[in-house]
Amino acid sequence: MYGRDEKVSTTRLTAVQYGVLGIFLILAYGLWRLQVSQSDSYASLAEKNRTRDVPILAPRGRILDRNGRTIVDNYPSYTALLLRDSSRDLNADADLIAQGLHMEVKEVRERVHRMASMPQYEPIYLKDDITPDELAFIEAHRNELPELDTIMAHRRLYPKGGFMAHLIGYVGEVSEDMLNQPQWEFYNPGDVVGKSGVELEYNSVLMGKNGSRQVLVNSHGKEVGQLAEIPAEAGKPLRLTVDIDLQIAAEQALEGRNGAVVAMDPRTGEILAMVSRPTFDPNDFAVRVSKDQWTKLVTDADHPLLNKAIQAQLAPGSVFKIIMATAGMQEGIAEDMHVICNGGAVFYGRYFKCWVVAEHRTHGLVDISKAIYQSCDVFFYTLAEKLGIERIAKYATMFGLGQKTGIDLPQEASGLMPSEEWKLKNYRQKWFAGETISVGIGQGAVAATPIQLARAIGAISSGGQLVRPHVAFPNELPANVVPASTVPERVDVPIDPKNWEIITDAMADVVNPGGTAALSHLQGIDFAGKTGSAQTISNALKAKMGAAGKTQFKDNGWFAGVEPRRNPEIVVCVLLEEGEHGYLAARAAAQVIRAYVEEKQRAQPKLAGEKKRVEVGAVWATPDEELKAGKFVVDVGKPREMATGVR
Amino acid sequence: MSRYISFRDFDWVLLLFVLIICGLGVMEIHSATEHTKFAGSHIRQVYWIAGGVGAMFLMSFISYQKLLDGVHWMYIACITALLSVMVFGQKYLGARRWVKLPGGNHFQPSEWVKLILILAVAKYFAEMQNRELSWTDFMKAGALVGVPMLMVLAQPDLGTALTYFPIAVMGLFLGGLSWRQAGAVVLVGALLMPVALHVLKPYQRERLTSFMSPEADAQGSGYQVNQSKIAIGSGGIWGSRNGSQTHLDFLPVPQTDFIFAAFAEEHGFVGALGLLLLYFVVLVRLTQNAQTAPDRAGTFVVMGVVAVLSFHILVNVGMVVGFMPVTGIPLPLMSYGGSSVLFMFLALGMVMNVRMRRFVN
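As they're listed, the protein sequences go chains A and B. Be aware that the first sequence starts at 356, since it is given in this note's numbering, and climbs by one per residue. Be aware that the second sequence starts at 240, since it is given in this note's numbering, and climbs by one per residue.
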């Protein structure tokens, strides 16, 4: 017997029992709520917990040249990351990790710190595109540093040194702005898409379809099993009309200068080469472009990101005289027109100089042929006065000036062909007859892109066959991808055969003794063309600025040339910014033309033996020698161990 | 007085139900730890249970009346042990809960204090002469439990400290607490609530706030409760055989504090309700034993055990279903862990002790 002799109140004991019952009912209610009434939503939460969709990234299609040689390929790129489910002290390991990955210890710690509040299953990305020795370091330290891991993704491998960069373009993560546009609506954030050039234009061909794997993961995000797999569809390869050999020649022709080269087959519109300088290295964009790098590229006064072959809108200068000549001949004005050039003439009360006075010469008696190969300004001033702006504009527009050529590349510029209507519309002013005189020599308000001039000169040399340029073979593209263009594939602009002959012969004389580009004469090659030097500012303004103006605003040099002179197989348009003279541009064009002819002869070895080897009068080395010297050999990089056929 | 004690008087029914629960616990520990680094825990748990049953039999032989005679010495020993923890304790994860014994063993006295407190409270109320509970008695009884409770709270170990609380409440209630007094206590408690919140350690406060809205911080401190609810909910009525929450490691510590969630996921509403029913049977059986106790002190001892057991169930199951904050209180008889199992069987030993002496006079 312990304690006082009285039993504990039975009522209270019973109360305790009911209390316990109450507790159990509450707990049972808790179970019922979770397991019966809301079971479905919790089951789906559990499902979401344990399954994860892991994308299988589809490799992007390769970009090939017209002969099937690889220009752009992919390479497996590894990203180093830290897993956080292992119980390692990441801060303590930071020293070794930083050393192995060639990073700053501070940077490693900072990345760890930045991710501290993120869910554990999210890995910390340390370094993109690690080198083979860094990869070897990770493999060798699997036991010491179990938290260090890698993931592999295919990255774009572009030719080095900015080779063909503008035509190819580059890829990047799809931006939010893009996703808001209808043509990108089916893409997902994080998708890598083309951002410019062919990569953008033919993104839907090149981009594969990502697959996915549904995997079973544990709470650390570690994969413990696979539930389903949808395989990835690799992107399709895209064959371009570009010929790498010719592209190399064009790149070399422009080396060290600013400007553009475009080479086209005027029979089909196939672009054979396209260069713009200065250039950029798209490989810098393939991983992650740093902000500094980007700022530098977009603020550079020479606009390295601009594809000048289709985006530079400049006064065509004397190259425009071929269109003038065609207009004059077709209108029956130029054929019998004779002008005496005394170094200038007065029109509408103003004195217009001919370029020749700078060399203390005059052209004397000039007819249409001499006007072309000597590029006599006075002749074309007179012709412009006789034609009037409306007829000039009509012919220029017929040959594609002032409008997009419809090339299958993004952001083509349309240039400008002034007319009375244009002036009235844009300036609310009447056209002054004096302005027509400047237009006659491709100055004034006229602005053209290199691709427009190549197309127009190619068309005139072909007897009026105006084609739409393109870089991909339309019949090789899936039906739904063929770019819709308002420009017809081919337009026949009638040119009288007699006129055609006169103009093309005069163009051939441009590179003959007495022509404006006589030094670019190619022995044994039926090379023809037209030089141009276009002022970037007016002479009056230049004089006012004195010496500073002379160096700062040098003229742009132009040359549009063909081979052979009639029904050409190739037309090349060269723009040399601040090139001062058209004959410099002519040299560059001659290089490309010569490379084209030589390549054609190499391609027919049996015939080549019979044919005389091309004599090259100019001082240029052969492209093969330059290739051996290492210029423009597309180095795909040893560490990446990828074989691309670019040479 | 006859001192005849027979195993026939041992509560074999109670033991049966207790062992069924233990068996389910072992099964669940096995299932939850099968492919983890804790694999094999269920075997160790079986050893603990076997040891616990042995300790229970030993406990039942020493008359609880003898134990009550010496309870003040035990109480003093308790306070000394808790003091030594405060002074010499090993700091681990920011709390001093263990003392290192010679020979490398760790000793955590706060678990055993519970047993002593059950006895001390039983003795105090059994010897109390007044039928009505005076405020003085109230304060004395409160201090009896409150002093060790505050010491454990200072370790800090909120979870264990809280388990002392029901012992005092049960004693006061059965000892004649009037409704008026109860009301006053609740009122004062409510007024002291903000002060208590202020005293809480940041991690304790975080647990409380994450309890209020676990979804707000699903990956932080609300993570455990969230995953526990998902585990239970995805079990549905009949349970999910693969039990992905448990087996893919989403459910934290599924073999200890969250074992009920693991069980509920695998066996569903039906299984979990059955388990609750087993616990309820054990508690009812214990209360019956309390009623048949030979004296007032015996009743208080058994009801002390009832209080601790039901409080553990309430807080643990309440936690895994999201009704209670995360406190780190294991589910008695099921959760993996030596001290928890030993404590329960020693407490049951005391109950057997009381029952075997019911016909003593």
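Even for Gly, the Cβ is constructed at its ideal location relative to N, Cα and C.
{"Asked": "Alpha carbon of A453(A) to alpha carbon of Y430(A), nearest angstrom", "Found": "25 Å"}
{"Asked": "Residue-chain proximity (Y373(A), chain B), Cβ-Cβ < 8 Å", "Found": "no"}
{"Asked": "Stretch pair the segment 383-397 of chain A + the segment 501-509 of chain B: three plus CB contacts closer than 8 Å", "Found": "yes"}
{"Asked": "Backbone CA spacing between Q956(A) and Q878(A) [nearest angstrom]", "Found": "15 Å"}
{"Asked": "Amino acids of chain B, ordered along the chain, whose beta-carbon sits closer than 9 Å to that of E578(A)", "Found": "Per Cβ cutoff of 9 Å: no residues; E578(A) is ~11 Å from chain B at best."}
{"Asked": "Completely contained beta strand (DSSP E) runs for the segment 499-566 of chain A, where each covers 3 or more residues", "Found": "503-512, 526-528, 547-549"}
{"Asked": "Cβ distance (whole Å) where L561(A) is taken to contact G524(A) below 8 Å", "Found": "Not a contact, Cβ separation roughly 10 Å."}
{"Asked": "G385(A) beta carbon less than 8 Å from that of V554(B)", "Found": "no"}
{"Asked": "Interface partners of R367(A) on chain B, CB under 7 Å", "Found": "F412, L413"}
{"Asked": "Contacts of G385(A) in chain B (Cβ-Cβ under 8 Å)", "Found": "V556, G557, V560, G561, F562"}
{"Asked": "Buried versus exposed, by CB contacts within 10 Å (16 or more), K651(A)", "Found": "exposed"}
{"Asked": "Rounded straight-line distance, which links the Cα of N911(A) to that of E714(A)", "Found": "18 Å"}
{"Asked": "7 Å CB neighbourhood of E366(B) in its chain, flanking five on each side removed", "Found": "none"}
{"Asked": "Separation of T871(A) from T859(A), as counted between CA atoms", "Found": "15 Å"}
{"Asked": "Proximity test, Cβ basis, 8 Å: N404(A) and chain B", "Found": "yes"}
{"Asked": "Those residues which DSSP pairs with N1003(A) across a bridge", "Found": "There is no way to answer for residue 1003(A), as the model of chain A reaches only from 356 to 1002."}
{"Asked": "Straight-line Cα distance separating D308(B) from G478(B)", "Found": "50 Å"}
{"Asked": "Residues from the segment 545-560 of chain A in contact with chain B, defined by Cβ distance under 7 Å", "Found": "none"}
{"Asked": "Contacts that V363(A) makes with chain B (C-beta to C-beta distance below 8 Å)", "Found": "L413, A529, R535, T538, F539, M542"}
{"Asked": "At least three beta-carbon pairs within less than 8 Å, the segment 407-416 of chain A to the segment 578-597 of chain B", "Found": "no"}
{"Asked": "7 Å Cβ cut-off: residues of chain B touching F379(A)", "Found": "L515, F519"}
{"Asked": "Amino acids of chain A, ordered along the chain, whose beta-carbon sits closer than 8 Å to that of L511(B)", "Found": "Note that residue 511(B) is Ala in the sequence shown here, rather than Leu. Correct list: L386, Q390."}
{"Asked": "DSSP three-state assignment for F246(B), whether helix, strand or coil", "Found": "helix"}
{"Asked": "Any 3 or more C-beta pairs closer than 8 Å across the segment 690-705 of chain A and the segment 728-738 of chain A", "Found": "yes"}
{"Asked": "Short CB-CB distance (under 8 Å) between Q607(A) and chain B", "Found": "no"}
{"Asked": "E502(A) to M390(B) span [Cα, whole Å]", "Found": "41 Å"}
{"Asked": "Q304(B) burial status per 10 Å Cβ neighbour count (16 or more: buried)", "Found": "buried"}
{"Asked": "Listed by chain order, chain A residues near I471(B) by CB distance under 8 Å", "Found": "L386, L389, Q390, Y397"}
{"Asked": "DSSP-derived helix/strand/coil call for A976(A)", "Found": "Its pLDDT being 35, under 50, A976(A) is placed unreliably in this model, and the value from its coordinates should be taken loosely. Reduced to three states, the DSSP call for A976(A) is coil."}
{"Asked": "In DSSP terms, what F707(A) is bridged to", "Found": "A700(A)"}
{"Asked": "Exposure of R469(A), with buried meaning 16 or more beta-carbon neighbours within 10 Å", "Found": "exposed"}
{"Asked": "Secondary structure of G428(B), DSSP reduced to three states", "Found": "helix"}
{"Asked": "Where D691(A) falls, given that 16 or more other Cβ within 10 Å makes a residue buried", "Found": "exposed"}
{"Asked": "C-alpha gap between F246(B) and L306(B), whole angstroms", "Found": "20 Å"}
{"Asked": "Distance between beta carbons of Q284(B) and Y575(B), contact taken as under 8 Å", "Found": "5 Å"}
{"Asked": "Beta carbon of A529(B) nearer than 8 Å to that of T538(B)", "Found": "yes"}
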